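Reading through the C-alpha cells given below for one structure.
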Amino acid sequence: MTTTPSPPLRATIIGTIAILLWALLALFTTWAKGIPPFQLLTLTFFIAFVSGFILLACKGKSSFKSLKQKPIVWIVSVGGLFGYHLFYFIALHNAPAVEASLIAYLWPLLIVFFSALLPGEKLYWFHIAGTITGLTGAILIVTKGQSLSWNADHYMGYLAAIACALTWSGYSVLNRKFKEVPSDAVTGFCGATALLGLVFHLGTETWVPPTETQWLAILALGLGPVGLAFFVWDYGTKHGDIQVLGALSYGAPLLSTLLLVAVGLAQASWTIAIACLLIVGGALLASAKMLRPTDVPKRSASASK
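Quick note: the sequence shown, position 4, residue 76 per my numbering, numbers continuous.
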C-alpha cells in the first residue's frame, strides 16, 4: 500500500527539483561562454517569463490575477532574483572566482540559521551539524582541495560575495512570509528581472550575437535552471522544510561537478569522492527529523491536544 507524502514533505521534494536543475548551471553556462553576464541574464529570464506567461494563458484569464501582488512582494522577490545575480557578477569581477564563489555559497548555511527566526521553526543541532558538514564538502568542490589566497585588494569582491549570500538566503527565508502568494507570480518576477538585466546590459555591455550552440544553451538555461527552478524553489521555501532545503542545496555544486566529469569537462578525483560523502552525509543528518516516520504521529498527537 502506497502512502501519500505529507504536504511539507511533498513541498520539500518539489523544492529539491530546483537544486537538481541548478546542478546543470555550470554545464549550460559553459556552452554559453562568450555571452556577457547581463545579456545572458536578460535572455534567460525573458525565456522564463515567456514560458510562464504561456502556462498562465493555458490555465485561463483568472490565473493572471496571481501577478497582482503587493509592492513588498515584488520588492523582495525581484530583489532576490536580480540582486543575487547582480552581486555575484560584481564579486566575480572584483575577486578570484574560487574565493568569490566560496563566499557566495554560504547562502545554504545562512538559510538554515535565518530560518530559526521564522514562526514555528526551531533550529536543532543536527540542522547545524549537517549543514556545516555539507559546507565542508562544498569547500572541497570549489577549491579542489587547494589552499585559498585571500587578498585585501579584492575586498570589494569579497563584500559583494557576502551581499550575494545574504540576498539569496534572505529572499528564501522571507519568502515564507508570503505563503498566500501563488508560485505562478514568479512569472512576473522573472519578467521584471529580465527588464532590469536589460537596463544593466545596455549600460555596461555590448551585445554579442549568440551562435546556434549558445542559443540552445540559453534556451536550456531559461527553461530549467533559470526558469522552472525558481518556480519550484518558490513553492518549496513557502511550504516545505526550509532547513532541509538549505542543507540539500550543497548538493548542487557536487552534482554539477559530477556532471562535468561525466561529459569530460572535469577530472574525477579523491577530493570529489570525499566531498560526495560529506555532502550526502550532511544532507541526511540535517534531514534526520523529517526522515523519521515516528515524528509524524507525534506531531499529529500534539496538534490534536
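No residue lacks a Cβ here, since even glycine has one placed at the ideal position from N, Cα and C. All figures in this text were calculated on a predicted structure; none of them were measured in a lab.
Considering only the alpha carbon of each residue, which of the options lies closest to residue i?
i, options, result
"residue 324", "79, 97, 84, 268", "97"
"residue 150", "166, 133, 121", "121"
"residue 153", "336, 83, 243", "243"
"residue 99", "289, 361, 321", "289"
"residue 102", "92, 267, 338", "338"
"residue 80", "311, 352, 341", "311"
"residue 251", "286, 306, 335", "306"
"residue 238", "166, 155, 217", "155"
"residue 83", "342, 274, 248, 334", "248"
"residue 107", "301, 352, 283", "283"
"residue 191", "357, 313, 300, 360", "313"
"residue 93", "296, 330, 332, 336", "296"
"residue 388", "116, 218, 86, 163", "With the chain covering 73 to 377 only, the question about residue 388 has no answer from this structure."
"residue 208", "333, 322, 336", "322"
"residue 222", "301, 202, 163, 168", "168"
"residue 361", "197, 85, 293", "197"
"residue 352", "240, 327, 285", "327"
"residue 318", "133, 241, 145, 329", "241"
"residue 216", "195, 329, 262", "329"
"residue 142", "224, 261, 293, 85", "261"
"residue 105", "335, 194, 287, 298", "287"
"residue 109", "271, 95, 335, 131", "271"
"residue 193", "309, 298, 266", "309"
Please return the same chain residues whose Cβ sits closer than 6 Å to the Cβ of residue i, not counting the five positions on each side in sequence.
i, result
"residue 74", "For residue 74, the predicted structure reports a pLDDT of 49, less than 50, and the residue's modelled location is therefore unreliable. A value from the coordinates is still provided. Excluding positions up to five away in sequence, the list is empty."
"residue 49", "No statement about residue 49 is possible, as the shown extent of the chain runs from 73 to 377 and does not include it."
"residue 315", "184, 187, 199"
"residue 359", "316"
"residue 303", "255, 258"
"residue 266", "114, 117, 118, 121"
Go through its chain and collect everything with a Cβ distance to residue i's Cβ below 8 Å, but skip five positions before and after it.
i, result
"residue 204", "181, 354"
"residue 214", "170, 173, 174, 177, 325"
"residue 333", "339, 340, 344"
"residue 331", "95, 96, 98, 99"
"residue 195", "184, 185, 187, 188, 315"
Within a Cβ cutoff of 7 Å, which residues of the same chain sit near residue i, ignoring the five residues on either side of it in sequence?
i, result
"residue 246", "148"
"residue 320", "88, 91, 355"
"residue 166", "226, 228, 229, 232"
"residue 125", "259"
"residue 236", "156, 159, 160, 163, 176"
"residue 111", "273, 277, 279, 280"
"residue 300", "93"
"residue 234", "175"
"residue 372", "With a pLDDT of only 38 at residue 372, under 50, the local geometry of the prediction cannot be trusted, and no value is derived from it."
"residue 285", "103"
"residue 357", "198, 201, 202, 205"
Would you grab the beta carbon distance between residue i and residue j for me? Rounded to a whole angstrom, and I think it's under 8 Å.
i, j, result
"residue 210", "residue 177", "6 Å"
"residue 294", "residue 119", "3 Å"
"residue 264", "residue 179", "Not quite, the Cβ-Cβ distance comes to about 21 Å (not below 8 Å), so this is no contact."
Measure from the C-beta of residue i to each C-beta in chain B and report whether the shortest distance is under 7 Å.
i, result
"residue 216", "The displayed structure is made up of one protein chain only, and chain B is not part of it."
> Whole alpha helix (DSSP H) runs in the region 324-358 with 4 or more residues, listed along the chain?
Replying inline: 342-358
> If we count Cβ pairs, one from each stretch, closer than 8 Å, do we get three or more for the region 177-188 versus the region 331-350?
Replying inline: Three or more Cβ pairs closer than 8 Å define a contact, and the region 177-188 falls short of that threshold against the region 331-350.
> Could you give the uninterrupted runs of the alpha helix (DSSP H) lying entirely in the region 235-312, keeping only those of 4 residues or more?
Replying inline: 258-276, 284-295, 301-311
>> Assess contact between the region 158-174 and the region 273-284, defined as three or more Cβ pairs (one per stretch) separated by less than 8 Å. Is contact present?
In response: Too few Cβ pairs lie closer than 8 Å, so no.
> Can you list the alpha helix (DSSP H) stretches of 4 or more residues lying completely in the region 134-174, in chain order?
Replying inline: 143-166
> Which whole runs of the beta strand (DSSP E) in the region 84-135 are 3 residues long or more, in chain order?
Replying inline: none
> Any contact of the region 254-261 with the region 133-147, i.e. 3+ C-beta pairs under 8 Å?
Replying inline: yes
>> Threshold first: 3 residues or longer. Then list the beta strand (DSSP E) segments lying entirely within the region 170-224, N to C.
In response: none
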